[in-house]
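Chemist: Residue numbers (the working numbering): 159 to 414. Mind having a look at this structure? Questions to follow.
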Amino acid sequence: MRYSLLSNGKRVSPVLCLAACELVGGHESTAMPAACAVEMIHAWSLIQDDLPCMDDDSLRRGKPTKHKVYGEDVAILASDALIALSVTHTVDATSEKVPPSRVLRAVLEMMKAVGTDGLVAGQAADLAGERMIFEFIHIHKTAALLEAAAVMGCIMGGGSDEEIERLRRYARCVGLMYQVVDDVLDVTKSSEELGKTAGKDLIAGKLTYPRVMGVEKSKEYAEKLKGEAREHLQGFDSDQVAPLLSLAEYIVNRQN
């Protein structure tokens with residue numbers, strides 16, 4: 159579990175969770191257990207994604223993938239354990255000052271992002287390829303977890319229903335933007351630069367944004383999504399919203 163969870167990564171989901179909590183007036187410590195939990199879910203999804211029966215990859219975050227080091231059996235068990243730990247950690251480690259109803263709502267949001275309303279549905283669609291709707295894959299496989307991270311942080315911070323939905327829409331834009339940039343980097347950078355196998359989706363004939371609209375149009379679409387993400391943050395305190403604006407800027411300009 160540690161091999162995947164503590165390896166080098168961008169930690170976008172937990173950062174988003176903490177920033178969303180602070181945006182609505184909460185303290186980062188309130189959302190820290192939830193932030194750790196969404197990173198556990200992210201690690202689970204990467205282990206599963208790399209399995210031979212899924213995307214069959216051998217390199218992740220600059221290291222051999224989990225199943226290459228420990229075997230498929232241990233990889234699957236470790237990923238299952240991460241899901242369970244994400245729930246127990248959120249419940250056990252969240253401050254007693256946080257109302258139980260908020261904790262329950264946050265856990266429900268996270269589990270929805272995992273199941274048939276989120277990552278599992280997105281992965282199933284990805285495996286089916288062109289028979290499925292292109293945007294559906296990325297909304298469920300990539301954006302769902304970022305949506306959950308933002309919503310969980312907002313819930314833990316005591317945000318209103320309106321604030322929760324605005325942050326959900328922001329996170330969906332950021333999630334799609336992340337995938338667009340990821341697809342562009344996949345065909346413009348080397349495996350060494352990315353820390354994972356470059357060009358694999360192209361070779362596998364998967365639908366990617368550059369394949370559908372070309373590299374330049376994909377970059378333009380990422381910029382459009384960044385603009386939409388910023389619009390969803392209008393009306394929030396300018397100082398508190400700065401980390402979320404910076405996060406969107408980082409994602410659209412990242413090089414690996």
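The C-beta atom is built at its ideal place from N, Cα and C for all residues, glycine as well.
Closer than 7 Å by C-beta to A264: which residues in its own chain qualify, once you throw out the five before and the five after it? Chain order, please.
Modeler: Taken in chain order, the residues that qualify are A192, T248, M310, I313, M314.
Chemist: For I295, which residues from the same chain have a beta carbon less than 8 Å from its beta carbon, with the 5 sequence-adjacent residues on both sides left out?
Modeler: Around I295: G280, A283, D284, L365.
Chemist: Assign R289 to one of two classes, buried (16 or more other C-beta atoms within 10 Å of its C-beta) or exposed (fewer than that).
Modeler: With a pLDDT of 49 at R289, under the threshold of 50, the modelled position of that residue is not reliable, and no figure is offered here.
Chemist: Should V227 go down as buried or exposed, given a rule of 16 or more other Cβ atoms within 10 Å for buried?
Modeler: The residue in question, V227, is exposed, as its Cβ has fewer than 16 Cβ neighbours within 10 Å.
Chemist: How many Å lie between E180 and I409 at the Cα?
Modeler: Cα to Cα, E180 sits roughly 20 Å from I409.
Chemist: Which residues bound the alpha helix (DSSP H) around Q398?
Modeler: Start and end: 396-411.
Chemist: If you run the structure through DSSP and keep just helix, strand and coil, what is P222?
Modeler: In this structure, P222 counts as strand in the three-state DSSP scheme.
Chemist: Can you give me the start and stop residues for the alpha helix (DSSP H) that R169 sits inside?
Modeler: Where R169 is concerned, there is no enclosing alpha helix (DSSP H), given that its DSSP letter is neither H nor E.
Chemist: Run through DSSP, which three-state label would L209 get?
Modeler: Residue state, collapsed to three classes: coil.
Chemist: Exposed or buried, what is E489 when buried is set at 16 or more other beta-carbons lying within 10 Å of its beta-carbon?
Modeler: In the structure displayed, the chain extends from 159 to 414; residue 489 sits before or after that span and is not available.
Chemist: Which residue spans inside the segment 216-261 form an unbroken alpha helix (DSSP H) run of at least 4?
Modeler: The qualifying runs are 224-228, 230-251.
Chemist: Do the CB positions of L266 and H298 come within less than 8 Å of each other?
Modeler: In this structure, H298 does not lie closer than 8 Å to L266 by Cβ.
Chemist: Runs of 4 residues minimum, wholly inside the segment 350-396: which ones carry the alpha helix (DSSP H) assignment?
Modeler: 358-361, 367-371, 373-390, all fully within the segment 350-396.
Chemist: Would you kindly check if the distance between the Cβ of R327 and the Cβ of A301 is under 8 Å?
Modeler: Against a cut-off of 8 Å, the Cβ pair of R327 and A301 comes out as no contact.
Chemist: Would you decide whether I322 is buried or exposed? Buried here means 16 or more other CB atoms lie within 10 Å of its CB.
Modeler: Classification of I322: buried, given that the 10 Å Cβ count is 16 or more.
Chemist: Here's the rule I'm using: 16 or more other beta-carbon atoms within 10 Å means buried, otherwise exposed. How should S171 be labelled?
Modeler: Buried: at least 16 other Cβ atoms inside 10 Å.
Chemist: Between G353 and N411, how many whole angstroms is the CB-CB distance? I'm expecting something under 8 Å.
Modeler: The pair is not a contact, with the Cβ atoms about 17 Å apart (cut-off 8 Å).
Chemist: Taking only three categories from DSSP, how would you classify H298?
Modeler: The answer is helix: DSSP assigns H298 an H, G or I state.
Chemist: Along the chain, where does the alpha helix (DSSP H) that runs through T346 open and close?
Modeler: Its alpha helix (DSSP H) spans residues 319-346.
Chemist: Would you report the Cα separation of E254 and T188, rounded to the nearest angstrom?
Modeler: Cα-Cα distance, rounded: 10 Å.
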